[in-house]
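Written out as structure tokens, the structure reads:
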């Protein structure tokens, strides 16, 4: 047995010299693969300039049919293709290396952020990888993203939050003016004086809770001098044009929408709320203004058609 052990040690030494394997690695069982070690070895593979080292790391952590993709675009299927892709990357950034974060798990997927550093320690870029793991704990797929992380979507104003929760779904979109009609207290009807019988306009409700409306006369008198209205011409603007933007909220139970005006053609309109009862039938939207209304006006109805 001692002689046999001596022969094994000699054979091991020869094997180490020829293919670079350690006798200790042959004698000891491989350490179990964990998420942390998979990320560490995968990150090291991208930093390894030596093909042999890189291939051994990938053999440990990368599934035989694993797939890598990124926006370059790079698409690598299998270990050899991935090792080739890493080699091409290293020719582009010689000496650069990666620093990778600890993995963050969500069900079967894993996210890792990383920084690419030059040999002098300066940063080239940053990004994140999304991993899918195989059943044996190796990496089945990685989708890489480069550059600064996207900014978080803005939080909607409290008044607009209801619009984003589904109650505004029938309203969302762009609508073209059909008519704006006032019913007077004496029972007669007339076109809204601000819009006229042949008025034009649009109202837009966004899925994120914003609203913009502009409507007015289609035959507005042109100014004598472009972009330089006289005092009389400027004074007539609010008489035949309605324009404002802001956020909106919907009361489904009450059947109304409230426009929270943030900017208005009329300075006095800024900061006010405009309540409109609404009905949507097919591609028709009808808005009915809630009080207060002008003294002689009983109801104001504005009809729109969806733009497709």
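In our numbering, the protein residues as written are 861 to 1168. Ideal Cβ placement from N, Cα and C applies to all residues, glycine included.
Taking the Cα positions, residue 989 is about 56 Å away from residue 1160. Distance from the CA of residue 1137 to the CA of residue 1077, rounded to the nearest whole angstrom, comes to 24 Å. In the structure shown, residue 1152 falls within a coil segment according to DSSP collapsed to helix, strand and coil. For residue 929, the uninterrupted beta strand (DSSP E) run begins and ends at 922-930, by DSSP. Our two residues, residue 1140 and residue 1093, have alpha carbons roughly 37 Å apart in a direct line. In this structure, the straight-line span from the alpha carbon of residue 939 to that of residue 918 is close to 6 Å. In terms of CA proximity to residue 1059, 1074 leads the group 1045, 1074 and 1070.
Taking 9 Å as the cut-off, the beta carbon of residue 1107 is found closer than this to the beta carbon of residue 1069.
Counting along the chain, residue 895 sits inside the alpha helix (DSSP H) bounded by residues 895-907. In this structure, residue 1153 lies away from residue 1164, with their beta-carbon atoms at least 9 Å apart. Counting along the chain, no alpha helix (DSSP H) covers residue 1041; the unbroken beta strand (DSSP E) around it starts and ends at 1033-1044. The closest CA to that of residue 906, considering only 958, 1114, 1158 and 1118, is found on 958. According to the DSSP assignment, residue 1087 belongs to no beta strand (DSSP E), since it is labelled neither H nor E. Ranked by Cα distance from residue 1042, the first of 1158, 965 and 971 is 1158.
At least 9 Å separates the beta-carbon of residue 921 from that of residue 936. Closest in C-alpha terms to residue 1030, from the list 987, 1150 and 1064, comes 1064. Within a 10 Å sphere around the beta-carbon of residue 1047 sit fewer than 16 other beta-carbons, which makes this residue exposed. With distances taken between CA atoms, residue 1123 lies nearest to 1105 out of 1168, 1089, 942 and 1105. Taking C-beta atoms under 8 Å as the contact rule, residue 981 and residue 1005 fail to qualify, at a distance of about 23 Å.
Under a 10 Å Cβ-count criterion, residue 908 is classified as buried, with 16 or more other Cβ atoms of the shown protein chains found around its own Cβ.
Between the C-alpha atoms of residue 1050 and residue 1044 there is a straight-line separation of about 8 Å. By alpha-carbon distance to residue 1110, the top candidate from 1120, 952 and 1088 is 1120. According to DSSP, residue 988 shares a beta bridge with 973 and 1005.
The continuous beta strand (DSSP E) containing residue 1109 extends over residues 1101-1111. Residue environment for residue 1052: buried (at least 16 other C-beta atoms within 10 angstroms of its C-beta). The continuous beta strand (DSSP E) containing residue 1124 extends over residues 1116-1124.
Look at residue 1051 here: in three-state DSSP terms it is strand.
Comparing alpha-carbon positions, the option among 927, 1117, 1142 and 1125 lying closest to residue 1103 turns out to be 1125. Listed as beta-bridge partners of residue 1160 by DSSP are 1042.
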